[in-house]
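Take a look at the structure below.
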Amino acid sequence: MSVIAIVLTVTATILIFVVQSITQSSPPFDPFAPYADLLNKGQTLESLASRKFSCEFALLEASQKCSLIPEDGNFSKIIVTINEGVPNDISFQVNEDMLMVGDLVVVWGQPEKQKTRAILSWSEDITARAVVHHELNYLGPVQVVSFTF
């Protein structure tokens, strides 16, 4: 009986060690990694054309909005705002229940501040609108993530 207990203990210990080493060696999933070209300010305009964004130009304004509806993935729509030929922000509208506050915390760490009950900020340039009540809820779904240049 004690041999079985020792074998089970050794097996469990090895399994725990393997799982920990796998999870520690793999980087966290970054849902924005496939869009790194858009987030690189110097390449944004070229990326809009290559990704086939649809752009609208307002004649009375110097701004332009370009949008893309991805066929699959975490995002339902990506909107880039361009002012006087320079991209100044990108918003990722999140598909329902595809991205949680905890997913962003794993990638970027704790938010620097909670501007309102629904707006989280990681820097002056990154904000997320999420379902957040009185306390930070890591399981709260994220609705929109915006990057400002």
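Going by the numbering used here, 111 is the number at position 111 of the sequence shown; the sequence numbering is gapless.
In this text, a Cβ means the ideal position worked out from N, Cα and C, and glycines have one as well.
- Message: So, for V86: in the same chain, excluding its five sequence neighbours on each side, which residues have a beta-carbon less than 7 angstroms away from its beta-carbon?
- Response: What you label residue 86 is simply residue 86 of the sequence shown in a count that begins at 1. Nothing listed; no residue qualifies.
- Query: Could you give the C-beta distance for F53 and C66, rounded to a whole number, given that I count them as a contact under 8 angstroms?
  - Reply: Mapped onto the sequence shown, residue 53 falls at position 53. Mapped onto the sequence shown, residue 66 falls at position 66. Indeed they touch by this definition, with Cβ atoms about 4 angstroms apart.
- Message: With H, G and I counted as helix, E and B as strand and the rest as coil, what does DSSP make of P70?
- Response: As a position in the sequence shown, residue 70 is number 70, starting the count at 1. Reduced to three states, the DSSP call for P70 is coil.
- Measure the CB-CB distance between P70 and I78 and report whether it falls below 8 angstroms. Here residue 70 refers to the residue found at position 70 of the sequence shown. Here residue 78 refers to the residue found at position 78 of the sequence shown. In contact: P70 and I78 (Cβ atoms closer than 8 angstroms).
- Item | N-terminal and C-terminal residue of the beta strand (DSSP E) that A130 is part of | Start at 1 with the first residue of the sequence shown, and residue 130 comes out as number 130. Unbroken beta strand (DSSP E) run through A130: I126 to A130.
- Could you check what DSSP says for E56 in three-state terms: helix, strand or coil? Taking the sequence shown and counting its residues from 1, one reaches residue 56 at position 56. It is a strand residue.
- Run of the beta strand (DSSP E) containing S91, from where it starts to where it stops: The residue labelled residue 91 in the question sits at position 91 within the sequence shown. Segment V86 to V94, the beta strand (DSSP E) holding S91.
- Task: Determine the closest residue to S91 out of G102, L39 and A49, with distance taken between C-alpha atoms.
- Result: Here the question's residue 91 lines up with position 91 in the sequence shown. If we check each option's Cα against that of S91, L39 comes out closest.
- Task: Can you tell me which of the three DSSP states L139 falls into?
- Result: Numbered from 1 along the sequence shown, position 139 holds the residue referred to as residue 139. If DSSP states are grouped into helix, strand and coil, L139 belongs with coil.
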